[in-house]
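The structure appears right after this line, and notes come after that.
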Amino acid sequence: MHWERSSPELTARFQAFTATIDGLTQRKMFGETAGFVNGNMVTGLHNGNWFVRLPEEQQAELRALPGSGAFEPMAGRPMRGYVVLPPHIVADDAALRPWIERAVAFGRSLPAKG
68 MHWERSSPEL TARFQAFTAT IDGLTQRKMF GETAGFVNGN MVTGLHNGNW
118 FVRLPEEQQA ELRALPGSGA FEPMAGRPMR GYVVLPPHIV ADDAALRPWI
168 ERAVAFGRSL PAKG
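For what it's worth, this note's numbering labels the leading residue of the sequence shown as 68, then goes sequentially.
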């Protein structure tokens, strides 16, 4: 399977933006950068997309927005609980921050991973 790496600009944006979020740590996942809370992946980049992990009701809210979609690191195999953010949200700090904060809050509610 061939993946396109996220652009250097998107990667830099992700790293700078998530560095401002309390309790979020960055590390590599899927060959790109992801954000973790208590060892749980809550956001990241893959194949040029920015994704978040949310509780079910918030997933539905995000999926209702144009440009969002299932996060599928392998085609046809979506990762449960994760949704790709629409480009218009990724491009706007004021629109992006609440979704990242929701993902972080959800991560804090999960059991910690080693």
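Where is the CB? At the ideal position from N, CA and C, for every residue including glycine.
Annotation for residue 101: the continuous beta strand (DSSP E) segment containing it runs 99-104.
Between residue 102 and residue 93, the C-beta gap is smaller than 8 Å, which places the two residues in contact. In the DSSP assignment, the residues bridged to residue 112 are 117.
For residue 123, the closest of 117, 97 and 137 by C-alpha to C-alpha distance is 137. Between residue 118 and residue 100, the beta carbon gap of about 12 Å keeps them out of contact (Cβ cut-off 8 Å).
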